[in-house]
Structures are given as structure tokens and as C-alpha cells.
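Numbering-wise (UniProt numbering), the sequence shown opens with residue 1 and increments by one. Even glycine gets a Cβ: it sits at the ideal position worked out from N, Cα and C. If you're wondering where the values come from, they're calculated on a predicted model, not measured in any experiment.
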Amino acid sequence: MFGKFMRKVSRLLLSAEPPKHECEVCLEVASLHRGRVCKKGGHEANRICINCLTTYVRTLMANENWDHLTCPFCRSCLRFRIVRTYVEPCLAYRYKAFLYSFKRARHENFQWCLNPDCHYGQVHDISILGNTMQCRCCGSPTCAFHQMPAGHYTGQTCEEFDADVNPYNLSGITLANYQREAAEAAMQAKSKRCPRCGVMIEKDGGCDT
1 MFGKFMRKVS RLLLSAEPPK HECEVCLEVA SLHRGRVCKK GGHEANRICI NCLTTYVRTL
61 MANENWDHLT CPFCRSCLRF RIVRTYVEPC LAYRYKAFLY SFKRARHENF QWCLNPDCHY
121 GQVHDISILG NTMQCRCCGS PTCAFHQMPA GHYTGQTCEE FDADVNPYNL SGITLANYQR
181 EAAEAAMQAK SKRCPRCGVM IEKDGGCDT
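In C-alpha cells:
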């Protein structure tokens, strides 16, 4: 009997409308968030309404790195429960997948999915599984060797891609640096700096200044 009574009381408390007070952010009298906002805690006295907290969390998710979504009152991380409560279910699922991946990112064969709309990563050993990684979350292919979306060189194998743009078999940042330096060298070969304005121009012409 006592247990049934306590469960009924708990349901009533959970269904009760949050108290309305002045929000510290928008200064409107509204229903406030109840409970801790971040892992550090200690902000129970800070008053933020549900609408402001919802806007804050969704703005963070759209514009910040997900590895450190900060509390509106300090630099501590938001609790996962806060994110799960105030964003759409699909976004909460992706954030949970990101947290799962982030904890494993120190593994030597860890690879982030390079789909810009995905925040998942997984362990992918090239020597065993090959260059192409299929994301378990969104299904997008990533070339783990070249560190780029596998569709970036559609119709070519990794070997054919290397023969065209990566003859020295470089990867990741090293390849990007090589390609940038090659482009700069090509530009230098066919251009010169204008003695009047300092702008790079083709060697067979001048500028209008």
C-alpha cells in the first residue's frame, strides 16, 4: 500500500507544472527549468526558463563543437539529460553516438566519419578492413587512408587517385600540404608581382593601376 501511494505521489509531482518565476536571461515570468544544468552543479539558484534553455542548447548544437557543450552559467559541460530533453530525438540520438565515439577516439585505429552531418566514429584497422570505412551510424563511406569522403574520387580506386593527384603516396594533412605547395609553385611559375600595386599578375600582362 505504501509503495503504491509513493508511486502515485511521484507521478503527481512529475506531472505538476513547473513554478513560474522571472527568468534571468529573458526577464520574463515563465516556467523555469528544475534541477542541475551541468555536471559541476551548484546553479540551482540560477533561474533560466525552459524556452531560453531550449534555445541555448539548440544554438550550441548548431554552432559549437560537440565535445564541449558548455553550461550557460559556467564553463562546465552540460549534462546529457539536458541535451536529450531540449533537442529533437534524432539530434539527441546523434549526440549520444558522438559521446560514445569521443570516449574511444584515443584508439590508434579510430576514425571519425567524414560526413559533415554525422558526428560518429569507430575503430577501423586499414590493414584488416581495407581503406574504405562504412559508418555504422549514417552509412556514409570514408576513405580512412586518404582521410576524405570515399565519394570524393568517385569512379577511381585509391591507386588510381594516387596516380593522378598523390604520386608520392601521402595521406591526410601531408597530402593537403603537398597539393597546396604544388598549386603555389604552379602559380609562381606563370605569374609575377606587379611593381606598382604588389598584386600577383600573369607574366605576359600588367594591371590597370
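Inset, instruction - Look at the alpha carbon of Ile128 and the alpha carbon of Ile82, and state the distance between them as a whole number of angstroms. - result: 39 Å
Legend entry - Nearest-angstrom Cβ-Cβ length linking Met52 and Val25, presumed shorter than 8 Å: Strictly speaking, residue 52 in this sequence is Cys, with Met absent from that position. Rounded, the Cβ-Cβ distance is 4 Å, consistent with contact.
Legend entry - Backbone secondary structure at Val123 - three-state DSSP: strand
Inset, instruction - Determine contact between the segment 95-102 and the segment 116-130, defined as no fewer than three beta-carbon pairs at a distance below 8 Å. - result: yes
Legend entry - Ala92 - DSSP class collapsed to helix/strand/coil: helix
Legend entry - Nearest-angstrom beta carbon gap, Lys20 and Cys74 [assumed within contact, 8 Å]: Actually they are not in contact, since the Cβ atoms of Cys74 and Lys20 sit about 25 Å apart, beyond 8 Å.
Legend entry - Range of the contiguous beta strand (DSSP E) that encloses Ala105: Segment: none, Ala105 is in no beta strand (DSSP E) and carries neither H nor E.
Legend entry - For Cys113 and Cys135, believed in contact at Cβ under 8 Å, the rounded distance: Right, the Cβ-Cβ distance comes to about 4 Å (below 8 Å), so this counts as a contact.
Inset, instruction - Could you give the DSSP three-state label for His21: helix, strand or coil? - result: strand
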